[in-house]
Structure formats: C-alpha cells, structure tokens
Amino acid sequence: MAAVENNVQSRYAIQNTTPEKSKELGQEQFLELMTAQIKHQDPFEPMQNGEFIAQMANFASVESLSKMSENMASLVSALSTDQVLRAATLVGHEVLIPDSSMELGADGGARGAVMADFAGERIAVTVRDSSNQVINQFEVDANGVGSNMFEWDGTDRSGSRVAAGTYYFTAESGATGTTQAVQTAAPRRVTSVAPGVDGVAANLKLSGGGSTTLEQIIEIL
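In structure tokens:
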C-alpha cells in the first residue's frame, strides 16, 4: 500500500520551482487522484467512508466558495453599472439633499428647505455667516409633511443686502411645546457622475463642490 501511495503522490508532486498558483488542485485533478486512491487501496485496510466524504466535502466547500466569490463579483459589477446609468439621467437636474448651506449670488436670493413633521407646522429659520454671526431670522409655514422649500432674499435683519458667498442655516420648531431641531436640506445641481469608491454607489458631483449618492437624494426638483 505504501508503494502505491508513493506512486500516486509522485504522480501529482509539485516541484518547488512551480509557481504558487499551480499548487492548487483543480476539480479534474482531484477526482483523478481520488479514483487512483480507491483503485489502489489496500483491501485489508480500505479507505474509511468518513475520510472519503470529508475530502469530498472539503473540495466541494472550496469550489462553492470560489463560485460564490465569482458570482458576488459579477453582482457588484452589475449593480455599479446600474447605479451609474441611473445617476447619469440626473446630470443637469437639481436634487434636494440633506445640507445646511446656501450659496448667495451678487443678486437674487438663496434657496433652502426644511423637513416638516406635519402640515401647518411653523418652523423658525436662522441664517448665519461663516463667522457664525446671525444674519437674519424668519419663519416658514409648512405646506405639508416632508420637504418645504423657502427662499431667503439675501438681506440681514435691517433689510440691507449682504455680500455674496456661502451662508448657513438652522431650523427649529416649538410645535410640541419644546424647541426641537428640524432637519434642513438644500437644492444642488448634478454636474457629473462617476463610480463610487465602494464599487457600487454612484458618486454624483454637485455644482459648488461636493458630491452625493442616489440614496441621499430627498427629492428631484
């Protein structure tokens, strides 16, 4: 039996100079090796069923994991392509995303949004500059649950026009008897799309800098 095993092992021996990748048995090689072992086993000391089943199960497990890995890679690639194609249809459009900043131009106002819990909710909005100084305060009457757009006219509390630039806003509601912070959002224009760093979520580039994903979009305007 020892001589037979040596012959079988020598037939499948791998030289040290063989690249690492070739040391892995393929399915055909594995089955051929198992057939040779069964054919030449000692009839007085046959291979135990448990040992045979264990070897087959181990190989099946490795094959299954390999196939699963290949299938997952294909799925990730398909999802990534789908996300990019869907996101590409938004290029040139405005989307509403969670944000608390507004870009004020040389003339005109700046838009933002507050997320109301119920229609008729009165939400207080505070606008601040980059130094956190309060510029203006006003109220927004919610027309419905969810996003409610507003436009700040670009003036301070005295009615004077302020300089163009980035301004920040917070919102709060006292509808429940206690003051609570309200989620804010802002419109941004999608300028381009690229695959995300995770290989799945598409990365949408926005005007004014920054980016977002499809999952973060509250509304397409």
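Sequential numbering from 3 applies to the sequence shown in the numbering used here. Quick reminder that beta carbons are idealized off the backbone N, C-alpha and C, glycines included.
Suppose you measure from the CA of residue i to the CA of residue j; what does that come to, to the nearest Å?
i: Asp155; j: Gly94; result: 25 Å
i: Ala166; j: Ala115; result: 20 Å
i: Glu123; j: Val136; result: 23 Å
i: Val192; j: Glu34; result: 58 Å
i: Ala204; j: Pro100; result: 17 Å
i: Val127; j: Tyr169; result: 12 Å
i: Leu206; j: Val147; result: 27 Å
i: Ala232; j: Gly161; result: Lying before the first or after the last residue shown, residue 232 is absent from the chain, which here runs from 3 to 223.
Run through DSSP, which three-state label would residue i get?
i: Arg124; result: strand
i: Leu98; result: strand
i: Met86; result: First, the residue type needs correcting, since residue 86 is Val and not Met in the sequence shown. Residue state, collapsed to three classes: helix.
i: Lys25; result: Residue placement at Lys25 is flagged as unreliable, the pLDDT there being 48, under the threshold of 50; a coordinate-derived value is accordingly withheld.
CB-CB under 6 Å to residue i, same chain, minus the five flanking residues each way: which ones, in chain order?
i: Ile125; result: Val116, Val142, Ala173, Ser175 and Val184
i: Asn138; result: Val129, Asp158 and Arg159
i: Leu92; result: Val192
i: Glu153; result: Gly111 and Arg113
For residue i, I'd like the list of residues in its chain whose CB is within less than 8 Å of its CB, leaving aside the five on either flank, ordered along the chain.
i: Gln218; result: Ile99 and Pro100
i: Met104; result: Ala112, Arg113, Gly114, Val129, Trp154, Thr168, Tyr169, Tyr170, Phe171 and Ala188
CB-CB under 7 Å to residue i, same chain, minus the five flanking residues each way: which ones, in chain order?
i: Gln85; result: Val202, Ala203, Ala204 and Leu216
Residue ranges of each alpha helix (DSSP H) within the region 179-220, 4 or longer:
Counting only runs of at least 4 residues, the region 179-220 fully encloses no alpha helix (DSSP H) element at all.
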